[in-house]
Amino acid sequence: MLRGAGPGPLRRPRVLAIVSLPALAAYLNRDEETRPDGSVVEGYSAGGHSAPPRGPLRLDERGDLVYGPRDAPDFTRMAALGLPFWIAGGQCGSDQVRRAGVAGAAGVQVGSVFALCEESGLEGGLRRELIERELAGELTVRNDPAASPTSFPFKVADLPGTLADAGTSAARNRVGDLGHLRTLYRTDRGAIGYRCPAEPAAAHVRKGGTLEEAEGRQCLCNGLLAAVGLGRRRPRGVVEPPVVTTGQDLGFLRHIAPDGGEYSAEAGVRRLSAGLVEEALAPV
Ligand SMILES: Cc1cc2nc3c(=O)[nH]c(=O)nc-3n(C[C@H](O)[C@H](O)[C@H](O)COP(=O)(O)O)c2cc1C
Numbered sequence: 000m001l002r003g004a005g006p007g008p009l010r011r012p013r014v015l016a017i018v019s020l021p022a023l024a025a026y027l028n029r030d031e032e033t034r035p036d037g038s039v040v041e042g043y044s045a046g047g048h049s050a051p052p053r054g055p056l057r058l059d060e061r062g063d064l065v066y067g068p069r070d071a072p073d074f075t076r077m078a079a080l081g082l083p084f085w086i087a088g089g090q091c092g093s094d095q096v097r098r099a100g101v102a103g104a105a106g107v108q109v110g111s112v113f114a115l116c117e118e119s120g121l122e123g124g125l126r127r128e129l130i131e132r133e134l135a136g137e138l139t140v141r142n143d144p145a146a147s148p149t150s151f152p153f154k155v156a157d158l159p160g161t162l163a164d165a166g167t168s169a170a171r172n173r174v175g176d177l178g179h180l181r182t183l184y185r186t187d188r189g190a191i192g193y194r195c196p197a198e199p200a201a202a203h204v205r206k207g208g209t210l211e212e213a214e215g216r217q218c219l220c221n222g223l224l225a226a227v228g229l230g231r232r233r234p235r236g237v238v239e240p241p242v243v244t245t246g247q248d249l250g251f252l253r254h255i256a257p258d259g260g261e262y263s264a265e266a267g268v269r270r271l272s273a274g275l276v277e278e279a280l281a282p283v
């Protein structure tokens with residue numbers, strides 16, 4: 000418990016750590032100060048940012064980072080830590096929920112099924128295009144090691160007209176005017192400054208960053224806002240292009256929306272819970 004200057008003692012909120020491997024969870028678990036209340040074990044196919052692979056970075060022919068067996072979490076070791084954990088990445092089905100239980104997990108965490116449902120904030124045209132391309136077997140979602148200013152690999156869907164498209168990215172005026180992913184640095188005069196490797200490279204270098212850090216970075220602040228239909232409008236009718244992230248395993252679509260139509264979040268929950276209630280209620 001922390002004592003603040005305010006009216007009463009502050010309670011530490013419950014914290015779930017996002018980890019990729021049990022070694023990281025074990026490291027946090029060693030000290031009471033850093034011990035989380037549980038963990039989400041995110042596989043490298045999960046949407047958004049991921050941990051880098053162990054060992055040297057290698058790309059396949061589509062520009063997707065290559066992960067290997069050492070990147071697969073050992074859930075027995077996770078369970079041995081004695082804290083609850085949830086498995087994330089390609090887990091959208093009641094079979095996966097059952098398997099997670101057998102592996103000692105408290106459950107699963109899903110994201111993409113809700114990112115693509117009709118209630119999602121993802122701009123409708125992008126959502127439909129993702130679904131259509133996936134069902135046609137034409138969608139590539141890459142773990143891009145360079146795109147994110149955070150320098151964590153970031154899943155980008157290869158859609159034309161988005162920042163994943165080299166032409167669209169090259170045509171974009173490189174501005175970083177939202178600043179949600181900025182990092183702090185100490186200026187020459189000892190003050191605190193802010194920089195982001197996705198801002199104009201010259202500005203980044205002027206602030207003590209390197210050209211190497213700036214190479215290939217995309218402005219996720221502008222790109223992700225554009226993906227939910229809130230792209231900034233620039234002079235001469237230019238609108239910021241989106242960047243689209245999703246998980247790499249969208250196999251659930253063949254069950255929930257085989258004809259490529261809209262589906263609801265409820266359909267996602269039904270797929271996750273199918274048969275589980277009946278099994279839980281069945282006499283033993
Ligand atoms: C649009 C979107 C953005 C996400 N962004 C992040 C992120 O920045 N960092 C992160 O650790 N996980 C992120 N996630 C992962 C989710 O929290 C969740 O673990 C993941 O979606 C589960 O895998 P699934 O997408 O295969 O269901 C994101 C997921 C989606 C769909």
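Start counting the sequence shown at 0; every next residue gets the next number (numbering that gives the first Met the number 0).
We put the beta carbon where it would ideally sit given N, CA and C, even for glycine.
Keep in mind that this is a model prediction, so the values were computed, not measured.
Short Cβ contact (8 Å threshold) for residue i with residue j
i, j, result
"G103", "G42", "no"
"S44", "A16", "no"
"V101", "I86", "no"
"F84", "A105", "yes"
"L82", "P241", "no"
"Q247", "V112", "no"
"C195", "P152", "no"
"E302", "G259", "As displayed, the chain neither begins before 0 nor continues past 283, which places residue 302 out of reach and without an answer."
"P55", "D70", "no"
"R13", "D36", "yes"
"E117", "E261", "yes"
"C218", "G178", "no"
"M77", "P159", "no"
"L115", "L134", "no"
"G189", "G110", "no"
"G215", "A146", "yes"
"R173", "P199", "yes"
Residue i in three-state terms, based on DSSP
i, result
"N221", "helix"
"F113", "helix"
"F84", "strand"
"G160", "coil"
"L20", "coil"
"V14", "coil"
"G284", "Given that the chain is displayed from residue 0 to residue 283, the structure contains no residue 284 and the question cannot be resolved."
"D283", "At residue 283 the sequence reads Val, which differs from the Asp that was named. Of the three classes helix, strand and coil, the one that applies to V283 here is coil, per DSSP."
"D94", "helix"
"T151", "Before going further, note that residue 151 is Phe rather than Thr in the sequence given. In this structure, F151 counts as coil in the three-state DSSP scheme."
"G106", "strand"
"R127", "helix"
"R76", "helix"
"R181", "coil"
"L9", "strand"
When the options are compared against residue i, the one with the closest alpha-carbon
i, options, result
"Q95", "C218, S272 and A266", "S272"
"H48", "P234, W85, R57 and V243", "V243"
"P144", "P68, A213, G267 and A190", "A213"
"G230", "R216, H254 and R171", "R171"
"T167", "P68, A99 and G222", "G222"
"L183", "P199, V174, R173 and H203", "H203"
"V65", "Q90, K154 and P8", "K154"
"V274", "G250, R97, L138 and G236", "Checking the sequence shown, residue 274 turns out to be Gly, not Val. Taking only the C-alpha atoms, the option nearest G274 is R97."
"G99", "P8, G120, V40 and G267", "One point to set straight first is that residue 99 is Ala, not Gly, in the sequence displayed. Of the listed residues, the one whose Cα sits closest to A99 is V40."
"A264", "G120, N28 and L9", "G120"
C-alpha gap between residue i and residue j, whole angstroms
i, j, result
"G208", "R269", "48 Å"
"T186", "A201", "16 Å"
"L58", "G192", "34 Å"
"V18", "A169", "34 Å"
"R34", "L80", "11 Å"
"A156", "G67", "21 Å"
"N142", "R61", "10 Å"
"L224", "V238", "11 Å"
"A253", "R11", "For the sequence presented, residue 253 should be read as Arg rather than Ala. Computed Cα separation, rounded: 42 Å."
"P6", "E32", "24 Å"
"A226", "A163", "12 Å"
"Y26", "A50", "16 Å"
"P257", "D63", "26 Å"
"A176", "S93", "The question names Ala, but residue 176 is Asp in the sequence shown. The alpha-carbon atoms of D176 and S93 are separated by roughly 43 Å."
"A286", "P72", "The displayed coordinates of the chain run from 0 to 283. Any statement about residue 286 would go beyond what the structure contains."
"R132", "L9", "49 Å"
"G136", "S150", "29 Å"
"A165", "A266", "35 Å"
"C28", "R181", "In the sequence as presented, Cys is not what sits at residue 28; that position holds Asn. The alpha-carbon atoms of N28 and R181 are separated by roughly 29 Å."
"T245", "L138", "11 Å"
Restricting to runs no shorter than 4 residues, where is the alpha helix (DSSP H) found entirely within the region 186–237? 200–205, 210–213 and 219–226
Which runs of the beta strand (DSSP E), 3 residues or longer, sit entirely within the region 26–68? 37–41
At which residue ranges does the region 237–279 contain complete alpha helix (DSSP H) runs of 4 or more residues, listed in the order of the chain? 252–255 and 264–272
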